[in-house]
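Student: Take this structure, written in C-alpha cells, and hold onto it; I'll ask about it next.
Numbering (this note's numbering), first residue to last: 194 to 1131.
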C-alpha cells in the first residue's frame, strides 16, 4: 500500500510538472504584462481577448481548444517562476485571423516571450526595431503585408532558431544575418529581397532549412553552401540567382528535399549527388543541365518520391535495367533530348512525363501512366505533324480555321471578347493526373504536367472554382478554370496554315476579393505560343486590376504545320502557401482562336442556290428597312451618320445594346454625375474595360450637327491630361459618348470640392493642366481663369449684385492689377510672370469678338513659352456703359477704401444665374461648347 501511495504521488507530481498552467493555484500574471497584452491586442487589431479572465488560466477566449492546422488562437504562459507563484507569457500564436493592424513593438514588454506566430493575417507595416532587444526563439510572419528591409536590430536576437518571413513584401539585402549563429531555419521565399548572398552566410553551420525562392537576388549560387552540413531542405526556385549548380552541393549528404529551378547561366553537367541517398524530393528543373542522367538516381535513391528534371538538355538512353525507386510517385522528364525505348521499370511509377523527347514512338500518346506526347516531336505527314503517337488520326477533308475552349468548364455559349456575336465554347472537364495527355475529340487536346507539392491532399485538384459570389460579365466562362502546378499545354490540330488571333481569357477566381489573407496570393507564370515566350511573369490580378475581374489578352500566332501550341509554364515565381499551400501555377479560363484570313475550300453550293439565298436575303433586308423608314428610325440618323463619315473619326462606334448592357440599362446606381450636357453613367464592357457614358439630356438644345462637330474635335485630341474618347452611339433619339473612366472625378472637384476632398494643386501642376485641357478657345479661357484664381466663374459676393469672374478679370486688367486674381492659397509659391501671362492669355481667348481670339495652337505655343503673349494682345471689347462692369468698378472701389490696409484683396464671387459655363464645372467628361452653342441654348 505504501508503494502504491508513493506511485500515485509521483504520477501526480509528474503531471503537475508537465502542465503547470493548468494546475498551479495562486500563480498570477504581472499587471504590466496584462497591460502589455492589451496594447498588443489594440496594435494587432485583435478585439476578442477577454481581460476579465486570467490570461494564463486556459480560458477559451485565450486558448482555443478547437485549434486546427489553419486557425490558431493561443496565448501560452509558464507559471513556474518564483516558486510557482508568478506567470509569464512565453508564446503568442494567432494564425489565420485576418488581423489588420501592425506588428506590435509592445512585444518587448513581455520579457519571457519565446515565440510569436502571426501566420496568415492581414498585418502591414514593418518589423519593429524593439524586437531586437528580445530573446525570441521563433518568429513566423508568413502570409501578411509586411514590408521594408529587415531591421539590423533583429540580428541581435542570439536565441533565434526559426525565422519565417515568407509571402510578404520585404526588400533589401541579407547583410548581417550571419549574426544569428544558432539559426536553424530561414524561410524568405516570395518577397523582393535583392543583392548577392553575403559570403558570411557560410558561418551558419547549424542551418537545416534554407528557402529563398521567388526573390530578386543576383549573382551565382554560392559554393559556400557546402558548409551547411546539417542542411535537410534547400529551395532556390525563381530566386534570381544564376547557375551553374556549384560542385560543393555534393557534400550535403543529409538533404531530403532539394529544389533548384529556373536559373540562368551557362550549360553544365549533372551535379554529383551520389551521397544523397536519403533524398525524397529532387527538383533540378530548367537548370541548363547537359549530359546523361546518372545511374545512381535509379539505383541508390530508393526513397525518392518526386523527381523533376524537366526543361533541360539531358540526353541518352535509360540504363538497360531500371529499378523503380521504392517510394517513387512522380517522375517528370519533359522537354529534354532523351531517346531510345521506354524502360519497363517506369511503368511501375504512378505518374511519368516523357513528353517532348525522342523516345521510340508508341501507339498512343498516353501509355498507361506515361505521357509520351510529341516524342519524337516531328513527322512528315499532316495527321501526325506533332503527335506521331497517334498514327490512326485523320483530319477532316476541310481543315479548320477556329476553335473555342471553356477551360475547365462545361460547354457554354458566350460573346467573344465583349462583342455580341455568340460563340459556342467546347467543354474541358477532363480530370488529369500529375502527367496526362487528353484529347477532346474536337481537334484540340491538352497535356498537363506537375503535382501540387506540400498541399497535404491525397488527390490534387486541377480545376479551379470561383470562390466569389460576385457576378462577372460572361460569368459562365469564369465559373471554373483549368489549373496546373507546372506546365499546361493546349494544342489545336488540323488548322489551315496562316496567321491567327489567339485570345486568352483570364480571371483570378481562387483568391478572395476582400481584406483577408485569402486575397494575398500572388500567381505568376509565363505564356508561350508556338514555342515562343510572349509574356513573362504574367500576373492575372495585376493585369485585370483585381481579383474576380475578367481580362483578355490577344496574341498573333503563325501556323505552319497545321498545328497551334499554347503553353503556360510556372517558373518558380509567386506564392505557394497563400491562401493555402498548393495554390499556385498557371490558371486559364477560356481560349478562343480565329484565323485572320478567309479560309479556302469548303463545300461548294450551286449557283442557283446562291442566287436564291441572296435574293431572299435582299428581300428581307428591304422589307425591314422599309418598315424602319416608315417609322422614322433612319431619317434623323442617316444625316448624322453621313456627317460622322465625312469627319473621318479616330474613334469607334457602339450599339445601344452594348451601352445598355454595360450600364445595366442606365441603372441609377451606376450614375456618377450630371453635367450641362446630360447625365454620366459608369459602365463595364465584357472585356473588363471600365467606361463612362454621357447621355444627351432631352432638355439639352444642342443640335445634331453641333454634336457631330464636337465629337470630331474631341476624337482628334490625344494628351495625357485629357480623358480619352472611345467612341459614340447614335441610335434613334439617343446621342451617347463613351469615355475612359476617370476614378478621381473632375477638375472642378479638385479645385472647388469640400476642403477635405480638394487636391492641393501647386503652380506647376496648374500650368500643366492648362496646357493639357486646351480644346476650344473660349471655353479654355474660362477654365484657365478658374485654375489661376481657384474660383468658379460664377460665385456669390456678399453685399453685391451678381458678377462674373471674367468681368472681374476685365476690371483688374483696366487697373493693371491682374495679380490680385491669383488664388491666395498659393501664397508666394508661384511664378508671377507665368501667372500674369496665363491670365492675359485667358482674356485673349474670351474676347467677345471671335475674330480677335487666337487659335488653339497659338494658345498652346504661348503657354509653353514659344510665342510672345504681347504679340497677340488687343484692346478688350469693354463698354464703359456696361452695367456689370460699372457695378464691379463701384464694388471694388468700396472694398478698396474699406480694406486698403490689407495685403491681399478678397476673392470675388456672385449669385447670379450662370450664362457662361466653365468646362470644369463638376463634369469630368466635358463636351466642347463654344459661344455659338451657348447662344443656341439660351
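All residues carry an ideal CB built from backbone N, CA and C; glycine is no exception.
Can you list, in chain order, the stretches of the beta strand (DSSP E) that have 3 or more residues and sit fully within the region 680 to 721?
Tutor: 680 to 685, 691 to 699
Student: Taking 9 angstroms as the threshold (C-beta atoms), are residue 710 and residue 336 in contact?
Tutor: The residue given as residue 336 occupies position 143 in the chain shown. The residue given as residue 710 occupies position 517 in the chain shown. Yes, the pair counts as a contact, with Cβ atoms nearer than the cut-off.
Student: Could you pull out every residue in the same chain whose Cβ sits closer than 6 angstroms to the Cβ of residue 386, ignoring the five residues on either side in sequence?
Tutor: The count along the chain shown starts at 1 and reaches residue 386 at position 193. The answer, listed in chain order, is 408.
Student: Out of 425, 1008, 691, 454, point me to the one whose CA is closest to residue 749's CA.
Tutor: For the purposes of this step, residue 749 is taken as residue 556 along the chain shown, with counting starting at 1. Of the listed residues, the one whose Cα sits closest to residue 749 is 691.
Student: In whole angstroms, give me the CA-to-CA distance for residue 250 and residue 222.
Tutor: As a working note, residue 250 is residue 57 in the chain shown. As a working note, residue 222 is residue 29 in the chain shown. Rounded to the nearest angstrom, the two C-alpha atoms are 10 angstroms apart.
Student: Measure how close the beta-carbons of residue 230 and residue 248 come, nearest whole angstrom, since I'm counting them as under 8 angstroms.
Tutor: Taking the first residue of the chain shown as 1, we reach residue 230 at position 37. Taking the first residue of the chain shown as 1, we reach residue 248 at position 55. So it is a contact: roughly 6 angstroms between Cβ atoms.
Student: How many Å lie between residue 854 and residue 955 at the Cα?
Tutor: Counted from its first residue, the chain shown places residue 854 at position 661. Counted from its first residue, the chain shown places residue 955 at position 762. One C-alpha to the other measures close to 41 angstroms.
Student: With DSSP run on the structure shown, which of helix, strand or coil describes residue 531?
Tutor: Taking the first residue of the chain shown as position 1, residue 531 is located at position 338. Residue state, collapsed to three classes: strand.
Student: Where does residue 1077 fall in DSSP's three states?
Tutor: Position 884 of the chain shown, counting from 1, holds the residue named residue 1077. In this prediction, residue 1077 scores a pLDDT of 49, lower than 50, which makes its location untrustworthy; no coordinate-derived value is stated.
Student: Between the alpha carbons of residue 284 and residue 675, how many angstroms are there, rounded?
Tutor: As a working note, residue 284 is residue 91 in the chain shown. As a working note, residue 675 is residue 482 in the chain shown. Approximately 42 angstroms, taken between the alpha carbons.
Student: Since residue 361 contacts residue 380 with CB under 8 angstroms, what's their CB separation in whole angstroms?
Tutor: Counting from one through the chain shown, the residue named residue 361 turns up at place 168. Counting from one through the chain shown, the residue named residue 380 turns up at place 187. Their Cβ separation, rounded to whole angstroms, is 11 angstroms, which puts residue 361 and residue 380 out of contact at 8 angstroms.
Student: Do residue 543 and residue 521 have their C-beta atoms within less than 9 angstroms of each other?
Tutor: Reading the chain shown from its first residue, position 350 is the one you call residue 543. Reading the chain shown from its first residue, position 328 is the one you call residue 521. Yes, Cβ-Cβ distance for residue 543 and residue 521 is below 9 angstroms.
Student: Output the distance between the C-alpha atoms of residue 287 and residue 235, rounded to the nearest integer angstrom.
Tutor: As a first step, residue 287 is located in the chain shown; it is residue number 94 there, counting from the start. As a first step, residue 235 is located in the chain shown; it is residue number 42 there, counting from the start. Cα-Cα distance, rounded: 14 angstroms.
Student: In this structure, does DSSP put residue 235 in helix, strand or coil?
Tutor: As a first step, residue 235 must be located in the chain shown, where it is residue number 42. In this structure, residue 235 counts as helix in the three-state DSSP scheme.
Student: Find the nearest neighbour of residue 618 within the set 787, 537, 715, judged by alpha-carbon distance.
Tutor: Locating residue 618 in the chain shown gives position 425, counting from the first residue. Ranking 787, 537, 715 by Cα distance to residue 618 puts 787 first.
Student: If you check the beta carbons only, do residue 431 and residue 459 fall under 9 angstroms apart?
Tutor: For the purposes of this step, residue 431 is identified with residue 238 of the chain shown, where counting begins at 1. For the purposes of this step, residue 459 is identified with residue 266 of the chain shown, where counting begins at 1. It is not a contact, given that the beta carbons lie outside the stated cut-off.
Student: Distance, Cα to Cα, residue 615 vs residue 597?
Tutor: The count along the chain shown starts at 1 and reaches residue 615 at position 422. The count along the chain shown starts at 1 and reaches residue 597 at position 404. Taking the straight line joining both Cα atoms gives about 12 angstroms.
Student: Closer than 8 angstroms is the cut-off here; do at least three beta carbon pairs connect the region 846 to 853 with the region 914 to 934?
Tutor: With a cut-off of 8 angstroms, the region 914 to 934 and the region 846 to 853 count as touching, because enough Cβ pairs lie within range.
Student: Spell out a yes or no on whether the region 401 to 417 and the region 740 to 757 are touching, meaning 3 or more CB-CB pairs, one atom from each, closer than 8 angstroms.
Tutor: Proximity of the region 401 to 417 to the region 740 to 757 falls short of the contact definition, fewer than three beta-carbon pairs being nearer than 8 angstroms.
Student: What are the start and end residues of the alpha helix (DSSP H) that includes residue 428?
Tutor: Within the chain shown, the letter at position 235 stands for residue 428. No alpha helix (DSSP H) holds residue 428; the beta strand (DSSP E) holding it covers 426 to 430.
Student: Across the region 778 to 792 and the region 591 to 607, are there enough close Cβ pairs to call them in contact, namely three or more that are closer than 8 angstroms?
Tutor: Touching, per the Cβ criterion.
Student: Among the residues of its own chain, which have a CB less than 6 angstroms from the CB of residue 368, if the five just before and after it don't count?
Tutor: Residue numbering aside, residue 368 sits at position 175 when the chain shown is read from its first letter. These residues qualify, in order along the chain: 391.
Student: Tell me whether residue 714 is buried or exposed, calling it buried when 16 or more other Cβ atoms sit within 10 Å of its Cβ.
Tutor: In the chain shown, residue 714 corresponds to position 521, counting from 1. With 16 or more other Cβ atoms within 10 Å, it is buried.
Student: If you drop the 5 nearest sequence neighbours on each side, which residues of the same chain put their C-beta closer than 6 angstroms to that of residue 464?
Tutor: For the purposes of this step, residue 464 is identified with residue 271 of the chain shown, where counting begins at 1. Once the five neighbours on either side are set aside, the close Cβ partners of residue 464 are 438, 442.
Student: Going by C-alpha to C-alpha distance, which of 344, 762, 328 sits closest to residue 352?
Tutor: What you label residue 352 is simply residue 159 of the chain shown in a count that begins at 1. Here the closest residue by C-alpha is 328.
Student: Pick helix, strand or coil for residue 786, following the three-state DSSP scheme.
Tutor: As a first step, residue 786 is located in the chain shown; it is residue number 593 there, counting from the start. Here residue 786 sits in strand by DSSP.
Student: Name the residue from 560, 569, 559 whose alpha carbon lies nearest to the alpha carbon of residue 553.
Tutor: Sequence index remark: in the chain shown, residue 553 carries index 360 (1-based). Selection 560, 569, 559 evaluated against residue 553 yields 569 as nearest (Cα-Cα).
Student: Taking the continuous alpha helix (DSSP H) assigned at residue 979, which residues delimit it?
Tutor: By one-based count along the chain shown, residue 979 stands at place 786. Its alpha helix (DSSP H) spans residues 970 to 982.
Student: How many whole angstroms separate the CB atoms of residue 699 and residue 744, which I take to be in contact at a CB cut-off of 8 angstroms?
Tutor: Mapped onto the chain shown, residue 699 falls at position 506. Mapped onto the chain shown, residue 744 falls at position 551. Contact holds; Cβ gap of about 5 angstroms.
Student: For the alpha helix (DSSP H) containing residue 1056, name the first residue and the last one.
Tutor: Numbered from 1 along the chain shown, position 863 holds the residue referred to as residue 1056. Run containing residue 1056: 1049 to 1056, per the alpha helix (DSSP H) assignment.
Student: What is the DSSP secondary structure of residue 263, reduced to helix, strand or coil?
Tutor: Start at 1 with the first residue of the chain shown, and residue 263 comes out as number 70. Coil, per DSSP.
Student: Exposed or buried, what is residue 621 when buried is set at 16 or more other beta-carbons lying within 10 Å of its beta-carbon?
Tutor: The sequence position of residue 621 within the chain shown is 428, counting from 1. Label assigned to residue 621: buried.
Student: Can residue 719 and residue 712 be called in contact, C-beta distance under 9 angstroms?
Tutor: In the chain shown, the residue the question calls residue 719 occupies position 526. In the chain shown, the residue the question calls residue 712 occupies position 519. The answer is no: Cβ separation not under 9 angstroms.
Student: Decide if residue 777 is buried, meaning its Cβ has at least 16 other Cβ atoms within 10 Å, or exposed.
Tutor: Walking along the chain shown from the start, residue 777 turns up at place 584. Flag for residue 777 reads buried.
Student: Grab me the residues of residue 646's own chain with a C-beta within less than 6 angstroms of its C-beta, minus the 5 sequence neighbours each way, in chain order.
Tutor: Here residue 646 refers to the residue found at position 453 when the chain shown is read from its first residue. Closer than 6 angstroms at the Cβ level, and outside the excluded window around residue 646, lies no residue.
Student: Please state the DSSP three-state secondary structure of residue 386.
Tutor: Working through the chain shown from its first residue, we reach residue 386 at position 193. In the structure shown, residue 386 sits in a strand (DSSP, three-state: E or B).
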